[in-house]
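Encoded as structure tokens, the structure appears first; notes follow it.
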Amino acid sequence: MKLTAAIITLFCAASVHGFAPSSVPSSKSSRLEAESFDDLQSIANKANPVVGYYDPMNLATFEGGFWDQGQEATIGWLRQSEIKHGRVAMAAFVGYIIHAQGITWPFPMQMDGAAWPKLASVGSVPALWDALPEVSKWQIIIAIGALEFWDEYQFEGIPEDKEPHYMRGGQPGKFANKKNSIFPLNLYDPFGFNKGMSDEKREKRLVMEINNGRLAMIGIFGFLAEGAVPGSVPLLKGIIPHYDGNVMIPFEGDFTGYWG
62 MKLTAAIITL FCAASVHGFA PSSVPSSKSS RLEAESFDDL QSIANKANPV VGYYDPMNLA
122 TFEGGFWDQG QEATIGWLRQ SEIKHGRVAM AAFVGYIIHA QGITWPFPMQ MDGAAWPKLA
182 SVGSVPALWD ALPEVSKWQI IIAIGALEFW DEYQFEGIPE DKEPHYMRGG QPGKFANKKN
242 SIFPLNLYDP FGFNKGMSDE KREKRLVMEI NNGRLAMIGI FGFLAEGAVP GSVPLLKGII
302 PHYDGNVMIP FEGDFTGYWG
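One rule links them: number in this note's numbering = place in the sequence shown (from 1) + 61.
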């Protein structure tokens with residue numbers, strides 16, 4: 062019950078605000094760049110009318126853009142970064158809660174019948190990762206890396222019909238997928254349930270995703286901070302158990318690779 066109350070409190074907190082065009086035009090004209098910046102401000106106001114557009118470091122208007130790629134590419138990069146981090150944080154936040162309840166898959170972790178690590182045995186949620194066999198960690202990281210590579214690589218003509226990169230006019234947050242390609246699965250809607258969704262509803266959901274992702278980033282780091290430094294998050298004091306390891310070192314004391 063304590064954890065549930067803490068979760069509700071975290072989600073009642075005000076969210077942070079950043080960058081937000083739903084898509085970046087591919088044209089390099091100053092007119093379209095101005096429109097994309099207007100979109101940035103517009104969706105920021107939709108995400109939180111109280112705070113509105115908030116960019117104290119002027120990242121979206123950085124002279125010449127990041128790596129001299131221009132404003133259009135810079136906005137695409139910022140948008141992609143926020144959406145991706147938000148999605149990872151949402152998955153991590155939900156995963157933390159599930160593991161905090163001691164929930165595991167009903168089947169064994171390994172083919173030899175070895176069971177999943179138990180929360181009661183390791184003491185904290187991050188320690189469950191430490192308790193996984195090294196080969197399991199590599200499987201997870203390689204699978205994520207394969208998805209990341211497919212989404213990012215842009216070798217000319219491979220494949221020719223691949224959607225443009227988010228810094229080259231593609232839509233930030235849209236995972237590249239095409240039928241008969243290397244990765245044909247639509248991660249957002251694999252069964253096509255939302256094909257008939259209206260543009261208005263889709264835009265509303267994009268804003269919801271931004272806000273949920275921002276809150277999830279605050280939430281998961283609240284859990285991790287309290288676990289690392291007890292009392293650092295007063296609302297979670299006594300709720301999140303202490304973790305002796307380091308979440309920034311995923312192979313701490315366990316990095317040998319297949320060659321070791």
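Beta carbons: idealized from backbone N, C-alpha and C, even for Gly. This one's a predicted model, so the numbers in the text were calculated from it and none came from an experiment.
- Straight across, the Cα-Cα distance linking residue 238 with residue 203 is about 19 Å.
- Residue 141 has its alpha-carbon roughly 27 Å from the corresponding atom of residue 190.
- Under the 8 Å Cβ criterion, the region 145-164 counts as touching the region 279-287, having at least three qualifying pairs.
- For the 7 Å CB-CB criterion, residue 160 and residue 186 form a contact.
- In chain order, 237 place their CB closer than 6 Å to the CB of residue 223, counting only its own chain and leaving out the 5 sequence neighbours on each side.
- Residue 123 and residue 306 have their C-alpha atoms roughly 38 Å apart.
- Bounds of the alpha helix (DSSP H) holding residue 189 are 186-191.
- Sixteen is the threshold: since fewer than 16 other Cβ atoms of the shown chains lie within 10 Å of the Cβ of residue 164, the residue is exposed.
- Relative to residue 277, the option among 148, 171, 134 and 128 whose CA is nearest is 148.
- If you draw a straight line from the Cα of residue 291 to the Cα of residue 230, it comes to about 45 Å.
- Non-local beta-carbon contacts of residue 297 in its own chain, meaning distances under 8 Å to residues more than five positions away in sequence, involve 67, 283, 284 and 287 in chain order.
- For residue 162, there is no enclosing alpha helix (DSSP H), as DSSP marks it with neither H nor E.
- Looking at the backbone, the Cα of residue 101 and that of residue 108 are separated by about 11 Å.
- In the structure shown, the three-state DSSP call for residue 210 is helix.
- Taking residue 213 as reference, the option from 235, 264 and 111 with the minimal CA-CA separation is 235.
- Taking C-beta separations shorter than 7 Å and ignoring five residues to either side along the sequence, the partners of residue 170 in its chain run 176 and 177, following chain order.
- Take the alpha-carbon of residue 134 and the one of residue 233: they are about 10 Å apart.
- In the three-state reduction of the DSSP assignment, residue 176 falls in the coil class, being assigned neither a helical nor a strand state.
- The distance from the Cβ of residue 228 to that of residue 137 is about 5 Å, consistent with a contact at the 8 Å cut-off.
- In the structure shown, the three-state DSSP call for residue 230 is coil.
- Residues 143, 144, 146, 147, 148, 150 and 151 of the same chain have their beta carbon placed closer than 8 Å to that of residue 274, with the five preceding and five following residues left out of the count.
- Our two residues, residue 259 and residue 162, have alpha carbons roughly 38 Å apart in a direct line.
- Just measuring C-alpha positions, the residue of 256, 289, 225 and 111 sitting nearest residue 309 is 289.
- In this chain, the alpha helix (DSSP H) harbouring residue 268 covers 260-289.
- In the assembly as shown, residue 196 is an exposed residue. Its beta-carbon has fewer than 16 other beta-carbons within 10 Å.
- For residue 101, the uninterrupted alpha helix (DSSP H) run begins and ends at 91-108, by DSSP.
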